[in-house]
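Comments concern the structure below.
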Amino acid sequence: MLAFEPDQLTNDPVDRMRRQAPNSGMAVALSEGAIRHSFFTSCNWLSGWGLAEPFQRSQRPTLPALCLDSTASCCSLEAQALIEVLRRSHLILYMASESTPPPDFFTNASHFTVQQLTNVTVNNTNDMIASGNTVLNNLAPYTNPDAAVDSSARWPPPQCHPGTRTTICAKLMSWLHNTAREWNFIWLWGSAGCGKSAVAQTFAEKCLELGRLGAAFFFSRPNKRNDPKQVVPSLAYQLATHCPPYKALITSRLSDDPQLLTKAIPVQFKKLIIEPFSELQQRGLVNSEKPFVIILDGLDECEGESVQCEIVKQIEEAVRLKKDLPLIWMVCSRPEAHLKHTFARIPICNPEELAIDKECRTDVERYLISGLSELQVKYDIDSSWPPVEKVNAVTESGDGHFIFAAVTLGFIGDEEYGSPVERLDTLIVFFDDVEHDGVLNPLAKLDALYMHILAEIPDKIFPTTWRILAHFIFARQIGLGSYQFLYESAQALCNFINFPPPEKAATTPLRFYHASFQDYLVDANRSGRFAVKKKRALVDITKTLFHWHEVDATHFHTQDGPWDVRNHDHAALPGLKWTSGVDVKSLSRGIAEIGTDWSWGCCEIVGPDPDLLSYVFRLDMRHLNIKLDSWCIFVNKCYKKGLLDGFCRTEPSEEFDALLLERLKMMTNQELVEPASFPLTWWEDEDHVHFREYVLMGYGFKSVIVWYTETHKEDRLDRLTCDQEPSQSQISKYQEWLREYGWYSSTD
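In the working numbering, the protein residues as written are 5 to 752.
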């Protein structure tokens with residue numbers, strides 16, 4: 005279980021907000037509900053907002069997926085039409101839902117609850133932790149189950165088409181069964197889209213059938229299976245399920261050192277994998293002639309080049325120093341420069357290139373013909389289709405890249421834009437045109453095809469399509485306020501995005517099929533006007549959070565203070581549109597929770613962007629929740645750039661400011677409250693210095709006065725609005741708090 009101590013806090017906004025837990029021993033509980041997810045990642049700016057700031061001493065609510073503003077323009081579809089649209093689509097992205105608390109909040113872990121941390125001891129008779137949890141329960145929060153070979157999140161996984169990649173598959177099986185093998189470490193490398201993951205998946209499944217798979221981790225940058233901290237725990241978890249003696253051994257190790265799962269990767273690798281298997285081997289509890297296979301696919305998509313190299317070095321050291329260890333390793337990746345440099349210095353690793361050769365081109369052609377034949381049968385097309393010359397044209401354009409063939413099959417099979425016959429003809433003309441323009445590289449052609457597909461999206465649909473992509477890439481997994489406009493917009497992306505049927509949309513995660521599409525979208529030099537730029541995406545995400553937070557606050561929380569823990573067990577938010585079968589109230593509650601909790605946190609991350617400021621300055625501040633640290637940092641950033649524009653002020657300038665100051669005096673029994681000085685330091689001082697300061701915020705009748713009171717014992721944040729005089733009860737409660745926490749004793 006993850007726990008963060010106060011001295012671990014940093015100045016990095018994402019890391020600081022990630023670590024600020026209400027109690028070091030309390031973690032997020034993932035409950036039922038249609039949308040639960042991790043929201044941001046520390047490496048991609050946005051990671052799961054799973055923990056509360058230190059000012060609110062209560063457990064964090066469970067987290068939902070973000071919903072796009074339901075006021076966005078859209079074209080609604082009838083439910084049956086939606087289902088049919090999905091049925092006809094060949095897409096490569098799955099819709100977000102109840103899944104992933106992040107590493108940074110339990111990334112990609114699904115359907116588990118983390119309870120209060122406890123000290124653990126081992127019961128050697130049944131390998132159980134004294135608290136009642138097995139070692140698997142202790143490992144689970146640190147793992148990424150979506151990265152496993154049989155994960156439902158990866159279903160259907162990439163696999164070798166029957167009759168393809170036979171040479172490399174046979175070579176790998178020979179390596180597996182050869183008790184006199186020369187190599188215990190293989191690096192399978194190849195260019196993007198050549199089929200590495202399909203080979204890895206096929207080999208892993210075969211090893212699993214034979215009882216030889218120890219563990220597998222399938223990295224994916226766009227699908228957030230790229231946190232290096234999850235790799236060793238995930239491997240250990242899988243090894244424990246496949247090897248009972250190993251499970252018993254690491255139960256003891258985790259009992260002796262419960263914090264082992266928070267240690268550095270080299271320490272975990274040594275303590276959780278190498279040393280246990282070395283001990284098992286010495287005790288004769290594992291069969292060295294039939295070692296377990298450990299597969300790491302897509303290592304180049306793991307976050308951080310230095311970490312990628314470190315993982316390789318750890319494997320190399322294990323293989324070099326423990327030659328008879330009952331483990332053999334296969335790592336698959338693109339030949340990135342840093343990895344080539346690392347592997348070049350490892351003589352005990354066998355590099356296997358998944359080359360684009362004659363066999364590969366034949367395999368891709370076989371795969372393409374098979375896919376076209378399925379379309380021919382499905383749509384009852386004449387048996388003479390497709391003509392051989394057109395199949396050859398597509399095959400030659402793809403030049404042996406499976407990803408190219410997969411996308412073209414999706415394009416051809418998209419009947420929304422024409423019959424397969426027409427789409428194939430369109431594709432041939434398109435390839436002729438791009439080749440005439442000098443585009444010969446197959447991956448450059450793939451970029452051109454992505455652009456062509458995006459260009460087919462109607463102008464009225466594309467803004468929503470862009471938002472879907474932006475929120476998915478930069479806010480992890482999202483659930484949307486109107487599935488109707490979601491499916492309408494997503495249908496245009498049918499060649500590389502896949503959405504489940506509406507009835508499964510709340511429980512099936514979004515998933516990029518291949519990293520090449522996200523790579524294309526985030527590189528403006530490649531995607532041009534279709535680019536999904538990080539800053540613009542983050543601004544849109546933040547505005548969306550504020551939209552739902554304001555809706556929730558103005559309808560259901562007009563009596564709550566700026567710092568109150570808000571209960572969202574109220575009616576559904578107005579303005580949401582759901583398909584039948586969806587638990588609207590549960591989704592609504594989730595949206596309200598994340599809007600309340602992280603609007604200001606996103607503001608802090610984005611900073612004083614003009615578009616965001618224009619939106620925030622128009623918000624109704626009378627009922628919004630305030631996250632003190634993030635709010636202060638955001639205000640300070642605006643102040644330092646001279647962009648506050650009177651939004652936050654201490655000198656009365658708006659028509660209601662004088663009234664607000666008079667009402668503040670009512671709360672303090674006419675005691676003086678000092679105006680704050682910018683930049684604000686309210687959230688920084690942990691020594692509880694005795695002081696009280698105010699700021700005015702907002703414009704016109706939406707203005708409020710916010711003041712911060714801190715004693716040597718406690719602190720609090722309060723707010724008054726211009727449309728409601730403080731009640732005697734409010735005044736009495738505030739005065740009682742002052743007495744209880746030593747305000748007057750400090751001033752006497």
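Glycine included, C-beta positions come from ideal geometry on N, C-alpha and C.
Going by Cα to Cα distance, which pick from the options is closest to residue i?
i	options	result
residue 730	639, 717 and 709	709
residue 755	527, 614 and 196	Lying before the first or after the last residue shown, residue 755 is absent from the chain, which here runs from 5 to 752.
residue 161	167, 151, 169 and 168	151
residue 190	463, 695, 259 and 335	335
residue 645	559, 537 and 613	613
residue 694	712, 700 and 683	712
residue 647	675, 615, 655 and 674	615
residue 574	663, 580, 556 and 365	556
residue 350	373, 340, 338 and 320	320
residue 567	593, 626 and 576	626
residue 673	734, 725 and 719	734
residue 429	393, 459, 207 and 452	393
residue 263	246, 143, 171 and 225	143
residue 705	220, 657 and 249	657
residue 460	415, 479, 436 and 288	415
residue 617	538, 591, 702 and 683	702
residue 363	699, 405 and 719	405
residue 184	669, 293 and 688	293
residue 527	596, 463, 471 and 455	455
residue 447	470, 407 and 609	407
residue 198	253, 216, 365 and 327	365
residue 379	426, 676, 138 and 434	426
residue 388	382, 396 and 377	377
residue 399	421, 435 and 383	435
residue 217	177, 254, 253 and 194	177
Suppose the cutoff is 8 angstroms on Cβ atoms and the five residues either side in sequence are ignored; what does the same chain contact list for residue i look like?
i	result
residue 277	236, 239, 240, 243, 322 and 331
residue 565	721, 722 and 723
residue 474	536, 540, 541, 544 and 545
residue 270	314 and 318
residue 660	704, 705, 707 and 726
residue 549	70, 598, 599, 602, 603 and 606
residue 522	225, 226, 477 and 516
Grab me the residues of residue i's own chain with a C-beta within less than 6 angstroms of its C-beta, minus the 5 sequence neighbours each way, in chain order.
i	result
residue 678	697
residue 188	323 and 332
residue 530	451 and 524
residue 619	547
residue 611	641
residue 466	none
residue 651	621
Report all residues from its chain with a CB closer than 7 angstroms to the CB of residue i; omit the five preceding and five following residues, and keep chain order.
i	result
residue 742	748
residue 746	715, 716 and 717
residue 409	368, 371, 372 and 402
residue 82	Note that residue 82 scores a pLDDT of 31, beneath 50, so its modelled location is shaky and nothing firm can be said.
residue 154	none
residue 326	278 and 282
For my contact list, residue i and residue j are in at a C-beta cut-off of 8 angstroms; report their separation, rounded to the angstrom.
i	j	result
residue 413	residue 375	4 angstroms
residue 424	residue 477	Residue 424 to residue 477, Cβ: 30 angstroms. No contact.
residue 273	residue 316	Contact flag wrong, Cβ pair sits at about 11 angstroms.
residue 358	residue 192	6 angstroms
residue 296	residue 353	So it is not a contact: roughly 18 angstroms between Cβ atoms.
residue 624	residue 554	6 angstroms
residue 173	residue 138	In fact, because the Cβ distance is near 36 angstroms, the residues do not count as touching under 8 angstroms.
residue 285	residue 329	7 angstroms
Which one or two residues does DSSP pair with residue i in a beta bridge?
i	result
residue 219	298
residue 712	697 and 721
residue 653	700
residue 356	192
residue 335	191 and 300
residue 229	224
residue 679	698
Is there contact here, the segment 219-237 with the segment 301-318, by at least three beta-carbon pairs under 8 angstroms? yes
Can you find at least 3 beta carbon pairs, one from the segment 196-205 and one from the segment 162-176, that sit closer than 8 angstroms? yes
Do three or more CB pairs link the segment 626-640 to the segment 732-741 at distances below 8 angstroms? The segment 626-640 makes no contact with the segment 732-741, as fewer than three CB pairs between them are under 8 angstroms.
Evaluate contact between the segment 287-307 and the segment 213-230, counting only Cβ atoms and requiring at least three cross-stretch pairs below 8 angstroms. yes
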